[in-house]
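Protein chains in written order, with my numbering: chain A, 1 to 322; chain B, 1001 to 1403.
Reading through the structure tokens given below for one structure.
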């Protein structure tokens, strides 16, 4: 038997639901072996894939070691846990969920502190006055060190925090925090505010490929099929097919359609039938324009998949693997 | 690891030195070559009166956690069953200081030498490497001690692995004295010294606008101009109360008010005087052999009307001690901007590089009078030291042991 393409996906919570929904949109059903307690599964519609249901932290580990070929994970964890992440993994596509920012947040009462430059000033005064360094509670130790160094903040000490980080300043365990936030509501509830230039990373869930995994011909082919279908569904979802009959198309018709509406030619027959693909939000405007150009009627339809000879997602992977 | 240490100890006893050649270095041979090198280094340093100090490889990590995140991120950390953090010795100076504070009468003169493996994560080389060095504590005749440390380090390396080294010296005390002698506000002094320590360029240091509070709180700052600290504190308390903000976190309202006052004085005060900035720039540009540099600094101070005679007299006295020791100071380069780590070094600093590879130092050191107090000593205790990168002695082309 050939080795399967291993894809690591979150094993619980909203992240799992969202990941499953992402694959479902492309027509893939994730099947969890013998019910919810089995941590290995497969894709019903595509052979040669093994799904590993693991925790978010483990996904990054599997990608870093190459034990999984692909995974669904946030950029925050990739950049925190993998030194020189860009050499070890390729981010193939953002998935549109799991949006969150890793931010530097200080007590709201520090009304004199708005930027990292302020923080640098305050941190050095804090140390000069007390002889100890300002404490930063975080689980993002590496991201914090890198960001603070880039901003010349040196007078601080990290206090590792594995949960409820936003409560650390109120509890007296730290002066400020670096944490992940979606709306900022939790920070505000804890009397904290984000510094103006304190966003370390804007993160969301991504489909990520591990460059160090065992990529043989079979796993590459499985990945190609998987990514081609994901791309085909994405193209179909974001575009519409527009059909019109134009007995005499004006000069540079397709050039104008492209520059005005980002519409691309799909087919044109000698009897004047024209088929275009157009971004979903521009179809109405395109239809109006077509009527003005002399079309009697214009039909617009949604498609299930648009497979193309070129596959941007797989091309991205192939380019990094070669 | 332990094995290497045991070998190290055995070979540290006076033994017949073995010769070695610097060619065909493989991993195994390398260790075999480093062993006698270490032994020879330690023997010379001990003979010079620097008692061998061999602190444990496994160190309590807390003290290194306090040394800044840059050092902390390079530690090899482990913990015991109670969860207490330990690390592999990342360097010698702090453990040797702790040894001194425990064993010696605080403030009494003491001199130590060491040679052994240290462990620091490095991207460009093995994370376990050999470091030899000397530390000299409690000497009130600082300039003589500075010259002794530099001389002993240079002589020891020259005797064991002769190679032409270029020596660069600097003096953090002169830079600090210049900044303190300037007619500018204490905020500016802090800003300059800190910015310089962070290796910012002067443009970045002198840009007030770079500080968010100065722009965003213009109204508050104007209201605070000329206000005394008590009223400023009340004003900040009012501000917080109006905004419905409860005070949380380690800074007091007084501290926040105090910083507002500082910002207000930076903002309302005149722009940083151009002549003063030019003086700093001219000072930092001084680079010459030490005697010439000393004359240039005196001339600059005289023309600017600042009194640097105390630090410059000490600088010259140090040069005198170096010359008396037979060091060829005419070949040294003094650079005013060379201060190594301003956070740590308080005076004389130096680095010796191979002439061919100027990037990595073979010897580096300086005076750090503040460290022992930060490690628990009741008062400031003079301290100066040097460390030698033992592996780099091997890569020096003509590394050959001579006696």
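All C-beta atoms, glycine included, are put in the ideal place defined by N, C-alpha and C.
Could you check how far apart the C-beta atoms of residue i and residue j are, in whole angstroms? I think they sit under 8 Å.
{"i": "residue 1362/B", "j": "residue 1157/B", "result": "7 Å"}
{"i": "residue 1184/B", "j": "residue 1276/B", "result": "6 Å"}
{"i": "residue 1308/B", "j": "residue 1294/B", "result": "With a Cβ gap of about 10 Å, residue 1308/B and residue 1294/B do not count as contacting."}
{"i": "residue 1101/B", "j": "residue 1376/B", "result": "6 Å"}
{"i": "residue 50/A", "j": "residue 34/A", "result": "Not confirmed; about 15 Å, so no contact."}
{"i": "residue 1420/B", "j": "residue 1057/B", "result": "Nothing about residue 1420/B can be read from this structure; chain B reaches only from 1001 to 1403."}
{"i": "residue 298/A", "j": "residue 244/A", "result": "4 Å"}
{"i": "residue 98/A", "j": "residue 205/A", "result": "3 Å"}
{"i": "residue 1180/B", "j": "residue 1189/B", "result": "6 Å"}
{"i": "residue 160/A", "j": "residue 177/A", "result": "Going by Cβ atoms, the distance from residue 160/A to residue 177/A rounds to 12 Å, so no, they are not a contact pair."}
Applying the criterion that 16 or more other CB atoms from any shown protein chain within 10 Å of the CB defines a buried residue, is residue i buried or exposed?
{"i": "residue 1331/B", "result": "exposed"}
{"i": "residue 24/A", "result": "exposed"}
{"i": "residue 69/A", "result": "buried"}
{"i": "residue 1371/B", "result": "buried"}
{"i": "residue 1033/B", "result": "buried"}
{"i": "residue 1326/B", "result": "exposed"}
{"i": "residue 1021/B", "result": "Low confidence applies here, because residue 1021/B scores a pLDDT of 33, under 50, leaving its location unreliable and the question unanswered by this model."}
{"i": "residue 1111/B", "result": "buried"}
{"i": "residue 1367/B", "result": "buried"}
{"i": "residue 1403/B", "result": "Note that residue 1403/B scores 35 on pLDDT, short of 50, meaning its location in the model is unreliable; the coordinates nonetheless yield the value given after this. Label assigned to residue 1403/B: exposed."}
{"i": "residue 1105/B", "result": "exposed"}
{"i": "residue 1174/B", "result": "buried"}
{"i": "residue 1211/B", "result": "Residue placement at residue 1211/B is flagged as unreliable, the pLDDT there being 46, under the threshold of 50; the coordinate-derived value follows with that caveat. The residue in question, residue 1211/B, is buried, as its Cβ has 16 or more Cβ neighbours within 10 Å."}
With 8 Å as the threshold, decide whether the Cβ of residue i is near any Cβ in chain B.
{"i": "residue 152/A", "result": "yes"}
{"i": "residue 200/A", "result": "no"}
{"i": "residue 326/A", "result": "Nothing about residue 326/A can be reported from this structure: the residues present for chain A run from 1 to 322 only."}
{"i": "residue 322/A", "result": "no"}
{"i": "residue 145/A", "result": "yes"}
{"i": "residue 122/A", "result": "yes"}
{"i": "residue 82/A", "result": "no"}
{"i": "residue 175/A", "result": "yes"}
{"i": "residue 27/A", "result": "no"}
{"i": "residue 108/A", "result": "yes"}
{"i": "residue 112/A", "result": "yes"}
8 Å is my cut-off, CB to CB: does residue i come that close to chain A?
{"i": "residue 1240/B", "result": "yes"}
{"i": "residue 1194/B", "result": "yes"}
{"i": "residue 1251/B", "result": "yes"}
{"i": "residue 1245/B", "result": "yes"}
{"i": "residue 1189/B", "result": "no"}
{"i": "residue 1200/B", "result": "yes"}
{"i": "residue 1212/B", "result": "Note that residue 1212/B scores a pLDDT of 45, beneath 50, so its modelled location is shaky; the value from the coordinates is reported in the next line. Yes, its Cβ sits closer than 8 Å to a Cβ of chain A."}
{"i": "residue 1073/B", "result": "yes"}
{"i": "residue 1230/B", "result": "no"}
{"i": "residue 1260/B", "result": "yes"}
{"i": "residue 1069/B", "result": "yes"}
{"i": "residue 1263/B", "result": "yes"}
{"i": "residue 1027/B", "result": "With a pLDDT of only 39 at residue 1027/B, under 50, the local geometry of the prediction cannot be trusted, and no value is derived from it."}
Let me check understanding here. Comparing Cα to Cα, which of the options lies closest to residue i?
{"i": "residue 115/A", "options": "196/A, 131/A and 93/A", "result": "196/A"}
{"i": "residue 66/A", "options": "44/A, 213/A and 53/A", "result": "213/A"}
{"i": "residue 148/A", "options": "1198/B, 1168/B and 1108/B", "result": "1198/B"}
{"i": "residue 304/A", "options": "234/A, 193/A and 48/A", "result": "234/A"}
{"i": "residue 252/A", "options": "298/A, 32/A, 265/A and 171/A", "result": "265/A"}
{"i": "residue 1164/B", "options": "1355/B, 1386/B and 1380/B", "result": "1355/B"}
{"i": "residue 1091/B", "options": "1135/B, 1124/B, 1050/B and 1080/B", "result": "1135/B"}
{"i": "residue 1045/B", "options": "1154/B, 1180/B and 1093/B", "result": "1154/B"}
{"i": "residue 17/A", "options": "134/A, 32/A, 290/A and 296/A", "result": "32/A"}
{"i": "residue 1048/B", "options": "1139/B, 1104/B, 1149/B and 1035/B", "result": "1149/B"}
{"i": "residue 11/A", "options": "20/A, 296/A, 3/A and 225/A", "result": "20/A"}
{"i": "residue 1233/B", "options": "230/A, 110/A and 192/A", "result": "110/A"}
{"i": "residue 1196/B", "options": "1336/B, 1116/B, 1094/B and 1128/B", "result": "1336/B"}
Between residue i and residue j, is the Cβ-Cβ spacing less than 8 Å?
{"i": "residue 74/A", "j": "residue 277/A", "result": "no"}
{"i": "residue 57/A", "j": "residue 30/A", "result": "no"}
{"i": "residue 317/A", "j": "residue 209/A", "result": "yes"}
{"i": "residue 1389/B", "j": "residue 1098/B", "result": "no"}
{"i": "residue 113/A", "j": "residue 179/A", "result": "no"}
{"i": "residue 223/A", "j": "residue 314/A", "result": "yes"}
{"i": "residue 1369/B", "j": "residue 1385/B", "result": "no"}
{"i": "residue 1393/B", "j": "residue 1160/B", "result": "yes"}
{"i": "residue 342/A", "j": "residue 270/A", "result": "In the structure as shown, chain A starts at 1 and stops at 322, and residue 342/A therefore has no counterpart that could be examined."}
{"i": "residue 79/A", "j": "residue 143/A", "result": "yes"}
{"i": "residue 1300/B", "j": "residue 1271/B", "result": "no"}
Quick one: list the residues of chain D neighbouring residue i, beta-carbon separation under 8 Å, in chain order.
{"i": "residue 1065/B", "result": "Absent here is chain D; the protein component of the structure consists of chains A and B."}
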